[in-house]
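*Asks:* Have a look at this one before I ask anything.
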Amino acid sequence: MQSKNIDLKALEILAYKRLLSKEVMDAYFQWQMAKQAVSIYEEADVLLDEAYRTTNSLFKNGKALPSALNRIRSEQATSEAQIIAAKNQEENAWQLLAFLLNESAITRDQVLVELPELPDLNSGSGLREELQQLEVGIEMQQLAVKKENQFYLPRLGVQLDAGSQDFDFQWKPYALLGVNLEWNIYDFKRHTHKKDQALAAVEAQKQQKVYVQDQLELQNTVARNNLLAAIAQANTYEPRIYSAQKTYDDVMKKYRSGVANYLELIDAQTQLTIAEVSYVLARYNAWMKWAELHYVTASFPIN
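Okay, so the sequence shown: first residue is 3 according to this note's numbering, each after it adds one.
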């Protein structure tokens with residue numbers, strides 16, 4: 003029974019480690035999401051700087067109004083605020099990741115992992131620690147039933163005593179053999195009640211195991227569906243980004259030629275930034291769904 007208690011403690015530790023590994027992966031994906039958002043906002047700021055230089059040149063040549071310069075300055079201020087917020091989110095996400103890794107001195111470069119653009123649906127299948135704990139619990143209750151069954155079994159004891167009782171170094175050996183038979187016939191049904199309680203506990207544990215298995219199968223199905231949907235959603239952004247980039251390039255050419263106005267340029271740049279940031283969010287959301295699926299299926303080996 004003591005070994006079973008040790009097994010339960012070990013399984014509790016493994017269950018905690020599995021949950022912690024998922025939280026570390028989620029924190030890593032959140033950090034990467036924030037980090038790439040910073041890059042996108044900084045790239046958008048570069049585009050606004052280019053728009054400002056172009057507008058200033060047009061203004062000097064009498065082809066743009068001061069209001070155009072003022073509007074672009076306003077957009078630059080907004081972009082700067084977005085960069086500050088994104089950097090703060092990146093720093094907070096990094097601090098959480100370092101905390102979960104329990105490595106205060108770790109650097110960003112030390113934890114970088116090369117990831118495919120999007121995850122796949124392939125996942126192994128393991129046995130969750132929660133189910134293993136229930137199995138150990140069932141075994142413990144079955145041992146209790148076995149113990150109560152043994153109470154009514156006859157127990158035979160044999161004792162042998164050998165020696166010598168003579169004096170003056172004479173040798174007169176003797177041997178005594180004792181046989182003891184113990185047989186519990188009636189105990190006011192005290193052990194019968196204990197046995198019934200243990201049997202009921204075994205059945206309850208088995209029912210709980212079936213329930214947990216059903217719940218885990220449902221979680222598996224939901225997690226797989228969520229991952230499939232997240233991947234499909236992320237894949238929709240490639241044509242969006244391509245279209246937004248092409249629109250921006252076309253509008254910028256027209257703007258430099260004096261055909262398009264500054265509002266069209268700002269709108270095109272905004273739509274491009276939104277598409278790129280939205281894709282980053284969708285991409286790492288898919289990776290977090292992937293981590294959830296691998297957690298539910300216990301596919302990662304935990305030591």
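Glycine residues also receive a C-beta, built at the ideal position from the N, C-alpha and C atoms.
According to DSSP, simplified to helix, strand and coil, what is G139?
*Replies:* helix
*Asks:* What residue from Q210, L295, L274, S245 has the CA that sits closest to L229's CA?
*Replies:* L295
*Asks:* Count the other C-beta atoms from every protein chain shown that fall within 10 angstroms of the C-beta of Y30, then say buried if there are 16 or more, exposed otherwise.
*Replies:* buried
*Asks:* Would you report the Cα separation of A79 and Q273, rounded to the nearest angstrom?
*Replies:* For A79 and Q273, the distance between alpha carbons rounds to 17 Å.
*Asks:* Within 10 Å of its beta-carbon, does K197 have 16 or more other beta-carbons around it, so buried, or fewer, so exposed?
*Replies:* buried
*Asks:* Quick one: measure Cβ to Cβ for F302 and S81, integer angstroms, because I've assumed they're closer than 8 Å.
*Replies:* Their Cβ separation, rounded to whole angstroms, is 40 Å, which puts F302 and S81 out of contact at 8 Å.
*Asks:* Between L136 and Q209, is the Cβ-Cβ spacing less than 8 Å?
*Replies:* no
*Asks:* Just reading off the alpha helix (DSSP H) that A70 is part of, what are its end residues?
*Replies:* Unbroken alpha helix (DSSP H) run through A70: 68-103.
*Asks:* Using DSSP with H/G/I as helix, E/B as strand and the rest coil, what is N63?
*Replies:* Reduced to three states, the DSSP call for N63 is coil.
*Asks:* Quick one: complete alpha helix (DSSP H) runs, 4+ long, within the stretch 237-270?
*Replies:* 239-258
*Asks:* In angstroms with no decimal places, state the Cα-to-Cα distance between F25 and P121.
*Replies:* In the sequence as displayed, the identity of residue 25 is Glu instead of Phe. Computed Cα separation, rounded: 17 Å.
*Asks:* I'd like the list of long-range same chain contacts for W33, defined as Cβ closer than 6 Å, with 5 residues on each side in sequence excluded.
*Replies:* Answer for W33: A95, W96, L99, listed in chain order.
*Asks:* State the Cα-Cα distance for the pair E266 and W292, rounded to the nearest angstrom.
*Replies:* 39 Å
*Asks:* Quick check on N287: buried or exposed, where buried means 16 or more other Cβ atoms within 10 Å of its Cβ?
*Replies:* Buried, by the Cβ-count rule.
*Asks:* According to the Cβ coordinates, are F61 and L50 closer than 8 Å?
*Replies:* no
*Asks:* Please work out which residues of its chain come closer than 6 Å, Cβ to Cβ, to Q91, disregarding the five sequence neighbours upstream and downstream, and give them in chain order.
*Replies:* A36
*Asks:* Should T223 be labelled buried (16 or more other beta-carbon atoms within 10 Å of its own) or exposed?
*Replies:* Note on T223: under 16 other CB atoms within 10 angstroms of its CB, so exposed under the neighbour-count rule.
*Asks:* Are the Cβ atoms of R285 and L123 separated by less than 8 Å?
*Replies:* No, the Cβ-Cβ distance between R285 and L123 is not below 8 Å.
*Asks:* Among A262, R242, I268, which residue has its Cα nearest to the Cα of Y281?
*Replies:* R242
*Asks:* Do Q247 and A53 count as a contact pair if the criterion is CB distance below 8 Å?
*Replies:* no
*Asks:* Grouping DSSP H, G and I as helix and E and B as strand, with all else coil, what is R226?
*Replies:* helix
*Asks:* What separation, rounded to the nearest whole angstrom, lies between the Cα atoms of N305 and L16?
*Replies:* 7 Å
*Asks:* Is the Cβ-Cβ distance between Y264 and R75 less than 8 Å?
*Replies:* no
*Asks:* Alpha carbon to alpha carbon, how far is V204 from L13?
*Replies:* The alpha-carbon atoms of V204 and L13 are separated by roughly 19 Å.
*Asks:* Just the C-alpha distance for S2 and V253, rounded to the nearest angstrom, thanks.
*Replies:* Residue 2 is absent from the structure shown; the chain starts at 3 and stops at 305.
*Asks:* Could you give the C-beta distance for W289 and L117, rounded to a whole number, given that I count them as a contact under 8 Å?
*Replies:* 7 Å
*Asks:* In its own chain, which residues sit with a C-beta less than 8 Å from the C-beta of L133, not counting the 5 before and 5 after it?
*Replies:* Within the same chain, K211, V214, Q215, L218 come within 8 Å of L133 by CB-CB distance, once the 5 residues on both sides are set aside.
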